[in-house]
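Following the working numbering, the numbering of the sequence shown begins with 311 at its first residue and continues without gaps.
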Amino acid sequence: MSTATIQPPDLIRTLASRAHRIRHNAITMAEVQGQGYVAQALGVADVLAVAYLHAMNVRPDEPEWEERDRFLLSVGHYAIAHYSVLAEAGYFPVEELVTYGCDDSRLPMSGMTSYTPGAEMSGGSIGLGLPMAVGMGLGLKRKNSASFVYTLMGDGELAEGPTWEAATVASAYGLDNIIGIVDFNGVQADGPSTKIMPTGPIVEKFESFGFYVQRVDGNDLDALVLAFDNARHHDKPVPRIIICDTKMGKGVDFLEAREKNHFIRLEAPEWKRAFERLEAQGAAA
């Protein structure tokens with residue numbers, strides 16, 4: 311478990327501003343299609359801001375840099391969130407976001423390595439991020455690389471068998487270069503994740519697999535910075551995981567309040583309202 315400490319105010323202000331822009335980017339893309347997994351993107355924006363803009367060692371202008379940290383988007387339908395932070399980090403122009411999901415776009419609706427600068431994994435079938443992280447982690451170890459492999463999973467994904475097989479292997483091989491992230495928003499396609507396929511005491515479960523585990527408020531930047539720093543600098547040769555409790559639709563009050571928000575469709579006036587509510591929340595903060 312992780313307890314927040316006070317981080318440098320300038321760092322938190324910068325990350326808050328960039329998380330706000332990540333949310334704005336996500337709404338921009340969702341408006342293009344009139345629908346999408348925008349509630350997840352709004353919820354996980356703070357997590358992605360800290361990962362890409364604070365914790366990870368990357369070069370957006372050199373996506374294939376050998377010494378980079380890798381980020382695997384195991385929840386492929388979160389591509390709208392991933393593109394939002396990739397654009398904010400500088401992997402491609404923010405102006406390109408309006409091509410999301412369009413013909414010949416580099417930003418398909420599910421993440422694919424073939425098209426998008428900075429994408430390390432093609433998504434779609436969930437439960438594959440941690441297994442792929444194990445493969446990459448082993449390879450990096452054999453090359454004596456200091457790089458880390460981050461993988462973002464959803465809480466519904468934790469019902470997938472390959473996740474736990476990979477957890478066993480990661481622990482057995484002491485893959486301390488793996489940092490798993492779980493976006494625990496309590497929602498999956500069929501309903502509440504804690505009811506459809508309960509995962510039980512998730513902290514204790516990962517600890518029993520030999521992981522260094524932290525659970526934090528995924529919309530608290532102070533707590534996230536501490537957790538990511540702890541994960542990177544933990545001194546035991548074990549894989550690490552950060553369970554992030556997030557709020558679906560975070561920053562847009564009427565989306566936060568929706569009963570069903572796994573996949574959202576809105577009419578044009580409602581997208582305008584979403585932008586307005588996001589800006590109002592940003593001003594209030």
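Quick reminder that beta carbons are idealized off the backbone N, C-alpha and C, glycines included.
Taking residue 434 as the centre and dropping the five residues before and after it, the same chain places the C-beta of 386 and 420 closer than 6 Å to its C-beta, in chain order. The alpha-carbon of residue 428 is positioned some 24 Å away from that of residue 494. Contact check between the segment 437–452 and the segment 393–403: fewer than three CB pairs, one atom from each, fall below 8 Å, which does not count as touching.
Here residue 350 is not near residue 575, since their CB atoms are 8 Å or more apart.
DSSP places residue 317 in the coil class of the three-state scheme, outside both helix and strand. In the three-state scheme derived from DSSP, where H, G and I count as helix and E and B as strand, residue 369 is classed as coil.
Nearest to residue 359 by alpha-carbon distance, out of 571, 384, 530 and 590, is 530. Boundaries for residue 484: no beta strand (DSSP E) harbours it, and the DSSP string shows neither H nor E there.
For residue 380, the uninterrupted beta strand (DSSP E) segment begins and ends at 380–383. Here the alpha carbon of residue 390 sits roughly 33 Å from the alpha carbon of residue 454. Taken through DSSP and simplified to helix, strand or coil, residue 459 comes out as strand. In this structure residue 333 does not touch residue 321 by the C-beta definition: roughly 19 Å separates them, more than the 8 Å allowed. In summary, residue 418 is buried, with 16 or more beta-carbon neighbours lying within 10 Å of its beta-carbon over all protein chains present.
For residue 538, the secondary structure class from DSSP, reduced to helix, strand or coil, is helix. Between the segment 464–473 and the segment 531–538, the count of C-beta pairs closer than 8 Å stays below three; the two stretches do not touch. In this structure, the alpha-carbon of residue 581 lies about 12 Å from that of residue 589.
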